[in-house]
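J.: For reference, the structure I am asking about is given below.
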Amino acid sequence: MLIMDALTALDSLLRNLQAGVKSVGMYPPTHPTAARFLARIVEDLDTILSERESLVLGVVDHALVGVGLPFTGTEAIAQAFAARLEQRGIGSIEFLRGCSPQDVSQCVQLLAMSPEALGGLGAVDEVLSRRGVRAIHLSHQVPTMDAEEKQAEEKEPTGADKEGEGGGGEAGLGRSLTVYHEAVGTAKRILTEARLGKIPSLAEAQAAVSELVDGVFQDQNAMLALTLIKSYDEYLFNHSVNVSVLCIALGQALGLDAETIRELGLGALLHDIGKVHWPETLYQKPRGLSDEEWALVQRHPLDGAGIVEKMGPTSPTAMEVILEHHLRYDRKGYPIVDSDKEPGFFGMIAQLADAYDAITTARIYQNAFEPCKAMARLQSLAGTVFDPKLLEVFIRMVGIYPVGSLVRLSTGEMALVVKANPTDSSRPFVRLLFDRSGRRLADEQGVDLTEREPGTGQFRRTIIMAVDPASKNFDVAEYLQQRGRAAGSPSTG
Ligand SMILES: [Fe+2]
Ligand SMILES: [Fe+2]
């Protein structure tokens, strides 16, 4: 099953739960309206539980969370459902694989009750089992580590010392940071020369891309993490390198050959070179464009291709990236093309990478999306703006909690995602940054979220939710740069 199917089913489940609860409040559960929603809930649960044992929905900091499966749906619905649970003293609901329509009906009927009526039935933890429901559990506790796991952890300090991050580790990050910054320097020189009307060096661009390709091959996670570096003042230079890195990584994930990946990366590095003709004010202006300004915006892929042509012979792959990075999957966007033209494969790769980098960047006119929310945003546009198959590969590559996401774990700790896990996108490798009382850890440890307790076989840690780094006053890009610099600097002892 595709990850996107599970995410879509979770979104649908929540809507149907809300609607189901409302209709059961008005009609008996056998009434066609109520029965329809109950059937849909069962269907959604079947989809979600086809590849996992259980689904836990809970309330953390007044927000609804799906443990191990982030919400990508409508915020208002999630909030309303979280409020319903909180008002009834329910911290979490666990749906186990195999829950029956009767189980679902009982659960929805309880959720439809007023807080007072439900309270009159006794402790929420037992109320479902007393009604014969075995495969859905309500708990007053918010999703967090249970008592047995806590004991196990106290006995066995953490088991978190394993080098879970793989890749090149600290030294790898230092190397990657050097490659990244050198590429930004190259992008700056090339774009500045183009702005001055000179013809930039194609060889220099190619050399920078070769370094980026090597960097991604050696340590993809470090390079992907570095794409979180966004420069507010020099946006275009970082953006050019970020899109190049994302395209190279996606090309690798798609199994393209090395030469094609280099051409893809080159096109991506130069994709916005046509913007050098823009007046400074246009960069900061997403809306309210004059006709002239809008014409300039729409022309930048063509202008860019014109500049790159003068730089020397480039492949059709690189040209397609430059020309088509604003063409959508449904053939809308710009430049305007015949409606029967097939979407270009490389153009679609670049368009996805470009959009992901753009929405994860803060601009004068937009707050940055956290990586996890950015994923949700892209997913909501699959099939119209983005190629759904490419998006699926992209999500597998960066994970549903992309590298660079700050996450809260079932232990109460907070961690930074440092490496995707291609076999289970909800269990990436992380680095512990804050302990359960929110204190910054002096000794950061890499942790593999697939690690289980030897005694119980349960997962030691599970992601509960993505956390907005700003809410913890934590600057992910700055953190990575510091770590990279520390790793890259010569040892003093
Ligand atoms: Fe562009
Ligand atoms: Fe762009």
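Just so you know, numbering that gives the first Met the number 0 puts 27 at position 28 of the sequence shown, and the rest follows in order with no gaps. Each residue gets a CB set at the ideal place from its N, CA and C atoms; glycine is no exception.
1. Using only the heavy atoms of ligand 2, determine whether one of them is closer than 7 Å to the beta carbon of Val-242.
2. Quick check: Gly-332 and Asp-302, are their CB atoms within less than 8 Å of each other?
3. Does at least one heavy atom of ligand 1 sit under 7 Å from the Cβ of His-276?
4. For the region 277-295 against the region 312-324, do three or more pairs of beta-carbon atoms, one drawn from each stretch, fall closer than 8 Å, so that the two count as touching?
5. Rank Ser-230, Phe-80, Glu-233 and Gly-266 by C-alpha distance to the C-alpha of Ser-245 and give the top, closest one.
6. Quick one: grab the DSSP three-state call for Gln-381.
7. Just checking my contact of Pro-300 with Leu-281 at CB under 8 Å: how many whole Å lie between their CB atoms?
8. By Cβ distance below 6 Å, which residues in the same chain neighbour Ala-111 in space, the five residues on each side in sequence not counted?
9. Using 8 Å as the threshold, is the region 441-449 in touch with the region 126-139, meaning 3 or more CB pairs across them?
10. Would the beta-carbon of His-325 be found less than 7 Å away from any heavy atom of ligand 1?
11. Going by C-alpha to C-alpha distance, which of Arg-435, Met-413 and Phe-428 sits closest to Pro-468?
12. So which residues touch the region around ligand 2, with touch meaning a C-beta under 5 Å from any heavy atom?
13. Taking only the alpha-carbon atoms, compute the straight-line gap between Gly-398 and Gly-119 and give it to the nearest angstrom.
14. If you check the beta carbons only, do Leu-227 and Leu-479 fall under 8 Å apart?
15. Do you know offhand how far Pro-342's Cα is from Pro-334's?
16. So is the beta-carbon of His-30 under 7 Å away from any non-hydrogen atom of ligand 1?
17. Any idea which residues DSSP pairs Gly-456 with across the strands?
18. Could you give the DSSP three-state label for Gly-166: helix, strand or coil?
19. Tell me which residue opens and which closes the beta strand (DSSP E) that Glu-52 is part of.
20. Three or more C-beta pairs closer than 8 Å, one from the region 47-54 and one from the region 338-353: is that the case here?
21. Alpha carbon to alpha carbon, how far is Phe-80 from Leu-16?
22. Enumerate, from N- to C-terminal direction, the unbroken beta strand (DSSP E) stretches of 3 or more residues contained entirely within the region 395-432.
23. Between which two residues does the alpha helix (DSSP H) holding Ser-104 run?
24. When DSSP builds the beta bridges, which residues end up paired with Met-374?
25. Taking Cβ positions, are Thr-410 and Arg-460 nearer each other than 8 Å?
26. Find out if the Cβ-Cβ distance for the pair Asp-213, Ser-175 is shorter than 8 Å.
27. In three-state terms, what does DSSP make of Ala-441?
28. Report the CB separation of Glu-85 from His-61 in whole angstroms; it is logged as a contact under 8 Å.
29. Let me know if Asp-256 comes out buried or exposed under the rule of 16 or more other beta-carbons within 10 Å of its beta-carbon.
30. Specify, as a first and last residue, the run of the beta strand (DSSP E) that Gly-65 falls within.
31. What residues in its chain sit with their C-beta under 8 Å from that of Arg-395, if we drop five residues either side in the sequence?
32. Taking 7 Å as the cut-off, is the CB of His-180 close to at least one heavy atom of ligand 1?
33. Regarding His-136 and ligand 1, is the C-beta to nearest heavy atom distance less than 7 Å?
34. Measure the C-alpha to C-alpha separation of Pro-27 and Ser-99 and round it to an integer number of angstroms.
35. Exposed or buried, Pro-69, counting other C-beta atoms within 10 Å across all chains shown (16 or more means buried)?
36. Report the residue from Leu-235, Leu-95, Gln-105 and Arg-96 whose alpha carbon sits nearest the alpha carbon of Thr-29.
T.: In this structure, then:
1. yes
2. no
3. When distances are taken from the beta-carbon of His-276 to the heavy atoms of ligand 1, even the shortest one reaches 7 Å or more.
4. no
5. According to the sequence as given, residue 245 is Leu; it is not Ser. Looking at the Cα atoms, Gly-266 is the closest of the given residues.
6. It is Ala, not Gln, that sits at residue 381 in the sequence shown. DSSP places Ala-381 in strand when its eight states are reduced to three.
7. Actually they are not in contact, since the Cβ atoms of Pro-300 and Leu-281 sit about 15 Å apart, beyond 8 Å.
8. These residues qualify, in order along the chain: Val-20, Val-23 and Gly-24.
9. no
10. yes
11. Looking at Arg-435, Met-413 and Phe-428, the one whose alpha-carbon comes closest to that of Pro-468 is Met-413.
12. Asp-271 and Asp-353
13. Each residue's alpha carbon lies about 44 Å from the other.
14. Contact flag set, yes.
15. 13 Å
16. no
17. Per DSSP, none; premise fails for Gly-456.
18. Caution applies to Gly-166, whose pLDDT of 46 falls short of 50 and renders its modelled position unreliable; the value that the coordinates give is listed next. Here Gly-166 sits in coil by DSSP.
19. Element bounds for Glu-52: n/a, residue is neither H nor E.
20. no
21. Each residue's Cα considered, the two are about 8 Å apart.
22. 405-408 and 413-418
23. According to the DSSP assignment, Ser-104 belongs to the alpha helix (DSSP H) that extends over 100-111.
24. Beta-bridge pairing links Met-374 to no other residue.
25. yes
26. no
27. Note: Ala-441 maps to coil in three-state DSSP.
28. 7 Å
29. Exposed, because fewer than 16 other Cβ atoms sit within 10 Å of the Cβ of Asp-256.
30. Run containing Gly-65: 62-65, per the beta strand (DSSP E) assignment.
31. Ile-2, Ala-252, Ala-419, Pro-421 and Ser-424
32. no
33. no
34. 18 Å
35. It is buried - the Cβ of Pro-69 has at least 16 other Cβ atoms within 10 Å.
36. Gln-105
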